[in-house]
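Trainee: The following block contains the structure, expressed as structure tokens.
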Ligand code: CTP
Ligand code: MG
Ligand code: K
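Numbering (this note's numbering), first residue to last: 7 to 188.
Structure, rendered in structure tokens:
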């Protein structure tokens, strides 16, 4: 049991800088669309739901959270008896920016498959940012990423992230900051 708590706590802690960007983008969204209104094949390249401001604020929020987590990893870890990971700068950037790019990539795929802005794409919606975050972290901070995301932690992330993502989006919808509950 103690091993499971340590595993889940370590896995979720390591993903926190990738979880926050999407939620920060929802709060910060608005302003110019990244695709500038351009279309491809008769549909928007990305759509109005992907903005420069949302992407920048989301990325900075993820990096800021990583810096804050670094400052408290030791005391929090000691208090709960868990060895919590810290984030080198390139790992923080990879997780935060990668999460935003994964979400943007998913919008590109949604538009190509005929889904309008806000349409759901079960599976893609819940895991796009996880894949983006892990891939960019692996590219920018390979040794850290391989050491931090063990196969066990990856398994936890793949199971827990969709559940957390669905829960936060339903809450964001209920309190009126998000247009759809996904
Ligand atoms: N947002 C943003 N920039 C981003 C990501 C999100 O400005 N890079 C903001 C937008 O206001 C967006 C909201 O967060 O409408 C919700 O994000 P999301 O659900 O990802 O976008 P959707 O509007 O649903 O658009 P899509 O169908 O393309 O996912
Ligand atoms: Mg959406
Ligand atoms: K999305």
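Ideal Cβ placement from N, Cα and C applies to all residues, glycine included. Quick caveat, the model's predicted, so the values are computed rather than measured.
Quick one: residues in its chain with C-beta nearer than 7 Å to the C-beta of residue 103, no 5 flanking neighbours on either side, listed in chain order?
Mentor: So the qualifying residues of the chain are 65 and 142.
Trainee: Say yes only if the C-beta of residue 131 is nearer than 6 Å to one or more non-hydrogen atoms of the ligand K, and no if none qualify.
Mentor: Residue 131 Cβ: within cutoff of the ligand K.
Trainee: Considering only C-alpha positions, which residue in the set 46, 165 and 33 is nearest to residue 119?
Mentor: Residue 46 is the option with its Cα nearest to residue 119.
Trainee: Bridge partners for residue 159 per DSSP, in chain order?
Mentor: According to DSSP, residue 159 bridges with nothing at all.
Trainee: Whose C-alpha, out of 25, 53 and 138, is nearest the C-alpha of residue 121?
Mentor: Of the candidates 25, 53 and 138, the one whose C-alpha sits nearest the C-alpha of residue 121 is 53.
Trainee: Any heavy atom of the ligand K within a distance shorter than 6 Å of the CB on residue 54?
Mentor: Flag unset: Cβ of residue 54 not near the ligand K.
Trainee: Give me the Cα-Cα distance between residue 177 and residue 185, rounded to the nearest whole angstrom.
Mentor: Rounded to whole angstroms, residue 177 to residue 185 spans 11 Å at the Cα level.
Trainee: By how many angstroms is the C-alpha of residue 167 removed from the C-alpha of residue 113?
Mentor: Spanning the two alpha carbons is a distance of roughly 19 Å.
Trainee: Go through its chain and collect everything with a Cβ distance to residue 115's Cβ below 8 Å, but skip five positions before and after it.
Mentor: Excluding residues within five positions, the ones whose Cβ falls inside 8 Å are 127 and 130.
Trainee: Under 6 Å from any heavy atom of the ligand K, does the C-beta of residue 109 make it?
Mentor: Residue 109 Cβ: within cutoff of the ligand K.
Trainee: Return the residue from the list 80, 137 and 157 that minimises the CA-CA distance to residue 108.
Mentor: Cα-wise, what sits closest to residue 108 is 137.
Trainee: Pull up the distance between the alpha-carbon of residue 25 and that of residue 99, whole angstroms please.
Mentor: Looking at the two C-alpha atoms, the distance is approximately 13 Å.
Trainee: Beta carbon of residue 124: closer than 6 Å to some heavy atom of the ligand MG?
Mentor: Indeed, a heavy atom of the ligand MG lies less than 6 Å from the Cβ.
Trainee: Tell me residue 46's beta-bridge partners as DSSP assigns them.
Mentor: According to DSSP, which records beta bridges pairwise, residue 46 is partnered with 49.
Trainee: Going by DSSP in three states, residue 39 sits in which element: helix, strand or coil?
Mentor: If DSSP states are grouped into helix, strand and coil, residue 39 belongs with the strands.
Trainee: Between the segment 88-95 and the segment 13-20, are three or more C-beta pairs nearer than 8 Å?
Mentor: Flag = yes, the segment 88-95 and the segment 13-20 touch.
Trainee: Does DSSP put residue 167 in a helix, in a strand, or in coil?
Mentor: Of the three classes helix, strand and coil, the one that applies to residue 167 here is helix, per DSSP.
Trainee: In terms of residue numbering, what span does the alpha helix (DSSP H) encompassing residue 150 cover?
Mentor: First-last of the alpha helix (DSSP H) with residue 150: 148-154.
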